[in-house]
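Numbered by this note's numbering, the letters in the sequence shown go through residues 1349 to 1672 in order. Beta carbons: idealized from backbone N, C-alpha and C, even for Gly. Below you'll find the structure, written out as structure tokens, and then a few comments.
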Amino acid sequence: MHSRDLPPLRSLARHPREKHLLWSSHRGQHGLWDVERGELVQARAGDEGALLIGGGQWLITAGDGAAVVRDLEGGTVVHREGVPNISGAVLCETDAGDAFVAGDAFGAMVRVEYGTWKATPGWLARPEVKTIAVEKDPEDREHLPPIDQPIVKIGRLLRAGPKDMLSWRVDLGCLTWIDTSDPAASGRRIAELHGAKIDAAALDTEGSRCVLACNDGSFAFAGLTGGEIQRHRLRGAEAVTARMIGNYPPVRQLAWSGTNDLWWLTPGWLYHADLLAQRTRGLRLQSSALCILPLPEHLACAVGAMDGNLRIVEIAEMPVVHGA
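Structure follows, in structure tokens:
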């Protein structure tokens, strides 16, 4: 698909009613793509950041210090809510579908109701600080105090309910249920991985289990009710790269495409795994990819790239890869 010289494509969202249409987020623009026609059908003013289709009628963008709500069809800005250090990773619609939650990687969040646009601030995690020592030249007599900066905590907000929220923690390496009525509480932890760093996480299509991509080359599947954990080495397809650079390349994005199918992006590669068949396919990407959006009915995936293009990759065109 051609981008018409759009800036880097950073996020994708499906149209709530017309499933062959996809919305994309770029720097200062939004694009509407027709998958069946294979082209960009509309480009208009927008906001850079992660996209969310809220309430079936709002196009919500989180990034650049604010969550911006636009009318889906007309593109008119109807609400703007400032959130310091806002992160597209902390953005999702509530389970009830009456509001959206946006926040930053340091734990601050805000809940915004549709229609009334009432904003309720809160915390996903209390920010901590650490002191960074600054080395100075002995001849430098200028006084430089220690620098305090927050530790990154929240990797991605996966679910938002009326009393609790589910996220994964970068610093703790685990999934955490967060009690919204007690912001000082650390939350109930599930799926602790004992030191493994989590690169990405995603809920399955039924919302009953979560998959975590770990930096040791494995995936961890966690049940959300009992907290049971299963570890799989589905990332064996990346073993050659891991041997060359000394560790597994980070997973930039991870997504379910049904009950037993996974997609994930690493630098320069797109992968698909069939969990039942234990088969992994991979495709080398010529342009750096920033986001993926599964298209289950097409047995394909939409890939957003740094050059502004949208590419549709079918599973059948991806060769099977084998780890050593």
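Subject >> 8 Å contact criterion, which valine 1431 and valine 1458 should meet: CB distance rounded >> reply: 6 Å
Subject >> Three-state class that DSSP yields for lysine 1484 in the structure shown >> reply: Model confidence at lysine 1484 stands at a pLDDT of 48, short of 50, so the residue's coordinates are unreliable; what they give is reported in the following sentence. Three-state DSSP puts lysine 1484 in coil, outside helix and strand.
Original post:
Ordered along the chain, which non-local residues of its own chain (more than five positions away) have a Cβ less than 7 Å from that of glutamate 1483?
Top reply: With a pLDDT of 49 at glutamate 1483, under the threshold of 50, the predicted position of this residue should be treated as unreliable, and no value is reported.
**OP:** Report the rounded CA-to-CA distance for threonine 1628 versus alanine 1621, giving the unit in angstroms.
**Re:** 4 Å
Original post:
In terms of residues, what are the limits of the beta strand (DSSP E) holding tryptophan 1465?
Top reply: Run containing tryptophan 1465: none; DSSP gives neither H nor E here.
**OP:** Name, in chain order, the residues that DSSP records as bridge partners for glutamine 1377.
**Re:** Ala1393
**OP:** Please determine, among Glu1665, Leu1439, Leu1420, the residue with the shortest C-alpha to C-alpha distance to glutamate 1429.
**Re:** Leu1439
Subject >> Where the beta strand (DSSP E) containing valine 1416 begins and where it ends >> reply: 1414-1419
**OP:** Return the first residue and the last residue of the beta strand (DSSP E) that threonine 1607 is part of.
**Re:** Where threonine 1607 is concerned, there is no enclosing beta strand (DSSP E), given that its DSSP letter is neither H nor E.
Original post:
Any contact of the segment 1507-1526 with the segment 1607-1618, i.e. 3+ C-beta pairs under 8 Å?
Top reply: no
**OP:** Express the C-alpha separation of alanine 1549 and glycine 1436 in angstroms, rounding to a whole number.
**Re:** 14 Å
Original post:
Start and end of the beta strand (DSSP E) containing arginine 1459?
Top reply: 1456-1461
Subject >> Host beta strand (DSSP E) of histidine 1368 (start-end) >> reply: Per DSSP, histidine 1368 belongs to no beta strand (DSSP E) and is neither H nor E.
**OP:** With distances taken Cα to Cα, identify the nearest neighbour of glycine 1509 among Arg1358, Phe1567, Asp1446, Arg1517.
**Re:** Asp1446
**OP:** In angstroms with no decimal places, state the Cα-to-Cα distance between threonine 1468 and glycine 1422.
**Re:** 27 Å
Original post:
Which value, in whole angstroms, describes the spacing of the CA atoms of alanine 1568 and valine 1651?
Top reply: 24 Å
**OP:** Give a yes or no on whether 9 Å exceeds the smallest Cβ distance from threonine 1424 to chain B.
**Re:** The question asks about chain B, but that chain is absent: this structure has only one protein chain.
Original post:
In whole angstroms, what separates the C-alpha of histidine 1374 from that of aspartate 1353?
Top reply: 11 Å
Subject >> Through-space distance from glutamate 1441 to glutamate 1387, alpha-carbon basis >> reply: 29 Å
Original post:
Within this structure, are the beta carbons of leucine 1514 and cysteine 1558 separated by less than 9 Å?
Top reply: yes
Subject >> isoleucine 1663 to lysine 1466 span [Cα, whole Å] >> reply: 43 Å
Original post:
Once you ignore the five residues that flank glutamate 1554 on each side, which residues in its own chain have a CB closer than 8 Å to its CB?
Top reply: Thr1607
Original post:
Per DSSP, what kind of secondary structure is cysteine 1644 in: helix, strand or coil?
Top reply: What sits at residue 1644 in the sequence shown is proline, not cysteine. Looking at proline 1644 - three-state DSSP - the assignment turns out to be helix.
**OP:** Check whether the Cβ atoms of aspartate 1655 and proline 1356 sit closer than 9 Å, and answer yes or no.
**Re:** yes
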